[in-house]
Amino acid sequence: MLAIDFGLKRIGIAWNCHKIILPLPAIINDSNASNKLKIIIEQKNIKTLLIGLVKDEIMANLNDFIAQAKFSGEIIFIDETLSTKEAENHIQGRSNSKKLRKNGTLDSLSAMIILERYLNL
Numbered sequence: 002m003l004a005i006d007f008g009l010k011r012i013g014i015a016w017n018c019h020k021i022i023l024p025l026p027a028i029i030n031d032s033n034a035s036n037k038l039k040i041i042i043e044q045k046n047i048k049t050l051l052i053g054l055v056k057d058e059i060m061a062n063l064n065d066f067i068a069q070a071k072f073s074g075e076i077i078f079i080d081e082t083l084s085t086k087e088a089e090n091h092i093q094g095r096s097n098s099k100k101l102r103k104n105g106t107l108d109s110l111s112a113m114i115i116l117e118r119y120l121n122l
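For the sequence shown, this note's numbering gives the first residue as 2, with consecutive numbering after it.
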């Protein structure tokens with residue numbers, strides 16, 4: 002299972018690997034983003050995508066992104082409310098917190114939280 006925290010700049014990714022949740026490098030949301038997701042899906046043999054529900058104004062972008070990745074497995078949408086805020090709390094006070102926000106680590110931590118919430122349901 003792969004969790005996605007979709008944003009207009011970056012897409013956070015987390016992977017459930019044998020019941021261990023691992024953050025993967027975030028994907029820059031550019032014209033090649035769907036291709037990058039497709040490669041991860043193939044490499045990790047992903048059968049299920051868990052996607053944090055996004056604001057209505059970017060839902061069309063998310064739907065296009067998923068369609069372009071040509072994923073044929075199960076897609077589950079889950080409430081992502083406050084996942085980014087929770088991820089920010091994890092990195093707060095660290096000397097490199099600005100870098101973690103810029104390089105996509107925060108986005109992948111949010112995806113980890115989304116995945117963790119789902120698995121704990």
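Note that CB positions come from ideal geometry on N, CA and C, so glycine has one too.
These numbers were taken from a predicted model, which means no experiment stands behind them.
Just checking, does the segment 4-12 make contact with the segment 103-119 on the three C-beta pairs under 8 Å criterion? The segment 4-12 is in contact with the segment 103-119.
In whole angstroms, give me the CA-to-CA distance for leucine 25 and alanine 61. Here the alpha carbons of alanine 61 and leucine 25 stand approximately 24 Å from one another.
The beta strand (DSSP E) enclosing asparagine 17, as first and last residue numbers: Element bounds for asparagine 17: 11-18.
Complete runs of the beta strand (DSSP E) confined to the segment 39-119 [at least 3 residues]: Within the segment 39-119, the complete beta strand (DSSP E) segments of 3 residues or longer fall at 49-53, 75-79, listed in chain order.
Nonlocal neighbours in the same chain, by C-beta distance under 6 Å from lysine 37, ignoring five residues either side: Short of 6 Å from the beta carbon of lysine 37, and not among the five residues preceding or following it, lie these beta carbons of its own chain, in chain order: Ile28.
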